[in-house]
Amino acid sequence: MQLLTLLIALAVVGDTAMALAPKILVLGGTGFIGSTVSRIAVDSGCEVTSLSRRGTPSPDSDPLPGVNFLKGDATDPAVVQQVIGDGDYDGVVHAVGMLFAGSLNRFASGSGSVPDPGTTYDKITRQTAFAATAALDALAQGGSQQRPFVFISAAEAKWGFDGIFEGSPVGFLHDYLVAKRAVEDELLNNKPSLRGVVLRPSLVWTKRRPGALLPVAAFQIGSRLGLPFIDRPVHVETLASAAVEALFDSSVRGVQDWRGMEKLAESYKANRGAAGGTDGSIAEL
Ligand SMILES: NC(=O)c1ccc[n+]([C@@H]2O[C@H](COP(=O)([O-])OP(=O)(O)OC[C@H]3O[C@@H](n4cnc5c(N)ncnc54)[C@H](OP(=O)(O)O)[C@@H]3O)[C@@H](O)[C@H]2O)c1
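Counting along the sequence shown from 1, when you hit position 253 you're at 253 in the UniProt record's numbering, and nothing is skipped either side.
Structure below.
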């Protein structure tokens, strides 16, 4: 009877292509988004490792029981290569990044992360992700299955890359998005042994960060009015449960906007239980 139960369980997970307790690495697993991904992945039965410079979550954030914390600089390709090679991970989530180069990022970052001096968008996004995709690709080659790599990117927002940014207060977004798109291209077009999933949120929100709610409300209204350059904000629980569902479901690949993330989050809820948010999950403003 027990053998029969096991065989049925294996048949059920067969189409989702992940081990029963998959080993997942979250790059930036102590961040605002990465820590939510880590918590939901642990709740879903994953063995989760996080890599960040500080190592553990910031003192004013929730503890993350069950996560194995590593301390290291992801902008050093040797560190990333060693961590991924040693861990033989079934899948990777890339949630490392910065909004502002410099100490101002402390206020924009949900985890108070401060970039090292001289960090550029290319370094923190493209170089870290290229090192991680190369290392996971090396593990996946020769295997029978693609390994999932989920990249937390950023919304298109219908902005042109050139001209419109020049000399504007949001000029930095040019370099931010160029780095994001370079990773997407590498992941989706040059790494056939990986199952690339690109999540493209605009603003990511939670009621626990009330300071961000004003722009979130403005974006929410703008997107409902159909303004072409505004994308709908995504709740952090929606984004994180979408990332975990994408790890498990082998049919998920490619770019997912807010609609794709909401669909994935619903599948997560149906397949793996409701995301246990602390301020109401998968919600809208
Ligand atoms: N929050 C949003 O509204 C939003 C919207 C769209 C896209 N995104 C994207 O989502 C991703 C995560 O954003 P977030 O809001 O979660 O940011 P966050 O709270 O600042 O988290 C960043 C994470 O990366 C780690 N990190 C930074 N530099 C590192 C390095 N050199 N080596 C290793 N770890 C490093 C940080 O830990 P340490 O500081 O301890 O190293 C932290 O764990 C970013 O790529 C961002 O572009 C965010």
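Glycine is no exception: its CB is placed at the ideal position from the N, C-alpha and C atoms. In this text the structure is predicted, and so the values were computed from the model without any measurement.
(Q) Quick test of your reading: leucine 187 and leucine 177, contact by CB under 8 angstroms. State the CB separation rounded to the nearest angstrom. (A) Between leucine 177 and leucine 187 the Cβ distance is about 15 angstroms, and since that is not below 8 angstroms, they are no contact.
(Q) For alanine 129, count the other beta carbons within 10 Å of its own beta carbon; 16 or more makes it buried, fewer makes it exposed. Which is it? (A) Alanine 129 comes out buried.
Q | 6 angstroms Cβ shell around glutamine 256 - same chain, five flanking residues per side excluded | A | Hits under 6 angstroms: Leu199.
(Q) To the nearest angstrom, how far is the alpha carbon of methionine 261 from that of valine 37? (A) Going from the Cα of methionine 261 to the Cα of valine 37 covers about 13 angstroms.
Q | Limits of the beta strand (DSSP E) - the one that lysine 23 falls within | A | Taken as a continuous stretch (DSSP letters only), the beta strand (DSSP E) holding lysine 23 covers 23-27.
Q. Does the beta-carbon of phenylalanine 151 have 16 or more other beta-carbons within 10 angstroms, so that it is buried, or is it exposed?
A. Phenylalanine 151 comes out buried.
Q) Quick one, which of Ser251, Thr238, Gly254, Arg253 has its alpha-carbon nearest tyrosine 268's? A) The shortest CA-to-CA distance from tyrosine 268 to any of Ser251, Thr238, Gly254, Arg253 is the one to Thr238.
Q) Considering only the beta carbon of each residue, do valine 67 and valine 48 sit closer than 8 angstroms? A) Result yes, Cβ atoms of valine 67 and valine 48 sit closer than 8 angstroms.
Q) Near lysine 123, which residues of its chain fall below 8 angstroms by C-beta distance, leaving aside the five closest residues on each side in sequence? A) Only Thr75 meet the Cβ criterion.
Q | Length-filtered (4 minimum) alpha helix (DSSP H) runs lying within the segment 37-61 | A | As far as the segment 37-61 is concerned, it has no whole alpha helix (DSSP H) run of at least 4 residues.
Q) Considering glycine 254, what are the terminal residues of the beta strand (DSSP E) in which it resides? A) Where glycine 254 is concerned, the enclosing beta strand (DSSP E) stretches over 254-256.
Q: Would you list the one or two residues that DSSP bridges to lysine 71?
A: In the DSSP output, where bridge partners are listed per residue, lysine 71 has Ser52.
Q | Inter-residue Cα distance where the pair is isoleucine 221 and serine 44 | A | Our two residues, isoleucine 221 and serine 44, have alpha carbons roughly 34 angstroms apart in a direct line.
Q: Determine whether the Cβ of aspartate 231 lies closer than 8 angstroms to any Cβ atom of chain B.
A: In the displayed structure, chain B is absent; only one protein chain is listed.
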